[in-house]
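To convert a position in the sequence shown, counted from 1, into our numbering, add 27.
Positions of the beta carbon are idealized from the N, C-alpha and C atoms, including for glycine.
As the structure is a computational prediction, the values presented were derived from the model and not from experiment.
Read the structure below first, then the notes.
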Amino acid sequence: MRAAFSFAAILAVTGLAAAEPPLTIERLIGEGWEIAGYTSGYDNRSTLLLFRHKDKSYLVQCSTLYDVTREPRVNVNCYELH
Numbered sequence: 028m029r030a031a032f033s034f035a036a037i038l039a040v041t042g043l044a045a046a047e048p049p050l051t052i053e054r055l056i057g058e059g060w061e062i063a064g065y066t067s068g069y070d071n072r073s074t075l076l077l078f079r080h081k082d083k084s085y086l087v088q089c090s091t092l093y094d095v096t097r098e099p100r101v102n103v104n105c106y107e108l109h
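If you want it as structure tokens, here you go:
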């Protein structure tokens, strides 16, 4: 019991217990972010999208990969650029 309490305390301090949901393109657009830039890879399987928001001082970049050999076929990774 003591170990479980210690683990819960560690999670609360590090912020893992109440982590935000991951950033997605749908969420960004819904929150008012606009596309500031776009580029596609040479193979047309990967794309980088750059988002800006008028009330934020940082950008968000999303990389997308389309791969027919995997499930799910579209993989999106968004992260803040400070």
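How about residue i and residue j: do their beta carbons lie closer than 8 Å?
i: L76; j: Y65; result: yes
i: T51; j: V87; result: no
In its own chain, which residues sit with a C-beta less than 6 Å from the C-beta of residue i, not counting the 5 before and 5 after it?
i: W23; result: For the chain, the structure presents residues 28 to 109; residue 23 sits outside this window and is missing.
i: H109; result: Y85
Give me, in chain order, the residues of the same chain whose beta-carbon lies closer than 8 Å to that of residue i; leave out the 5 immediate sequence neighbours on both sides.
i: P49; result: C105
Alpha carbon to alpha carbon, how far is residue i from residue j?
i: S90; j: S73; result: 7 Å
i: D70; j: A46; result: 35 Å
i: I56; j: E107; result: 15 Å
i: K83; j: T96; result: 37 Å
i: F32; j: I62; result: A caution first: F32 carries a pLDDT of 48, below 50, which makes its placement in the model unreliable, though a value can still be read off. In a straight line, the C-alpha of F32 is about 44 Å away from that of I62.
i: E58; j: G68; result: 27 Å
Once the 5 residues before and after residue i are set aside, which same chain residues still bring their CB inside 7 Å of it?
i: Y93; result: R72, R100, V101
i: E98; result: none
With respect to the beta strand (DSSP E) encompassing residue i, which residues constitute its N-terminal and C-terminal limits?
i: E61; result: 61-67
If I follow the unbroken alpha helix (DSSP H) through residue i, where does it start and stop?
i: R100; result: From DSSP, R100 is part of no alpha helix (DSSP H); its letter is neither H nor E.
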